[in-house]
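Asks: Quick one: the structure is below, and I'll ask about it shortly.
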Amino acid sequence: MTVNIAPPLLRHGLLSLGRFTSVMFPMFAWLATRVQGPARRRLIVAFAVGQAVAAALFFTWQPII
7 MTVNIAPPLL RHGLLSLGRF TSVMFPMFAW LATRVQGPAR RRLIVAFAVG
57 QAVAAALFFT WQPII
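All residue numbers for the sequence shown refer to this note's numbering, where the first residue is 7 and numbers rise by one.
Written as structure tokens, this is what we have:
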């Protein structure tokens with residue numbers, strides 16, 4: 007995942023990161039089957055907080071960079 011996320015992140019910042027990561031959905035599904043126990047809960051919370059922050063910035067017309 008890092009190999010796919012790093013180049014657009016370094017070149018464009020967070021501007022189009024959703025577009026670049028949407029094609030990696032199977033990797034996120036695989037990650038969900040591999041992570042078990044408390045680590046899964048922490049991962050879910052981390053992704054949910056990140057999504058909430060990105061949504062709040064987007065809906066208030068703030069730059070996500």
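Even glycine gets a Cβ: it sits at the ideal position worked out from N, Cα and C.
Determine, using beta-carbon pairs with one atom in the segment 25-45 and one in the segment 8-17, whether at least three such pairs fall under 8 angstroms.
Replies: Contact between the segment 25-45 and the segment 8-17 is present, because at least three Cβ pairs lie under 8 angstroms.
Asks: Mapping DSSP to helix, strand and coil, what is Met7?
Replies: As a first step, residue 7 is located in the sequence shown; it is residue number 1 there, counting from the start. Correct three-state label for Met7: coil.
Asks: Taking the Cβ atom as the reference point for each residue, do Leu49 and Val59 lie within a distance shorter than 9 angstroms?
Replies: Taking the first residue of the sequence shown as 1, we reach residue 49 at position 43. Taking the first residue of the sequence shown as 1, we reach residue 59 at position 53. The answer is no: Cβ separation not under 9 angstroms.
Asks: Give the C-beta separation of Leu37 and Ile70 to the nearest angstrom, bearing in mind that I take them to be a contact with Cβ-Cβ under 8 angstroms.
Replies: If you number the sequence shown from 1, residue 37 lands on position 31. If you number the sequence shown from 1, residue 70 lands on position 64. The Cβ separation is near 23 angstroms, so there is no contact.
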